[in-house]
Amino acid sequence: MAKFYYLEKLSQQTIKYQIHSEGCALLPAWGKRDFLGTFYHERDAIKVSRLRHLATAPCSQCFENPRKYQIKL
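So the working numbering is basically just the index in the sequence shown, starting at one, shifted up by 6.
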């Protein structure tokens, strides 16, 4: 089943983003997130988010294995 994914901007200075899926306990309010898209798998949400913003990280609450997708910048 497909889920909605969102981007949260963490900081103005570092321009880092965190990816959340629908239903996440840490999902920010509507004004503080951008819709990323609807995806069947979390890895697809990661791919699209990194096309838009290189410095993205998965949320530790709503991703099964967030360390799998982390990159060193």
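Heads up, the beta-carbon is just placed ideally off N, CA and C, and yes, glycines get one too.
The residues Thr62, in chain order, have a CB closer than 6 Å to that of arginine 56 in the same chain once the five nearest residues on each side in sequence are set aside.
Under the criterion of beta carbons closer than 8 Å, lysine 9 and phenylalanine 45 qualify as touching, at roughly 7 Å.
DSSP assignment within the region 24-48 yields the following whole beta strand (DSSP E) runs of 3 residues or more, N-terminal first: 39-45. Within the same chain, and ignoring the five residues on either side of glutamate 28 in sequence, the residues whose Cβ sits closer than 7 Å to its Cβ are Lys9, Phe10. Closest by C-alpha distance to leucine 33, out of Lys74, Ile52, Cys65, Pro72, is Cys65.
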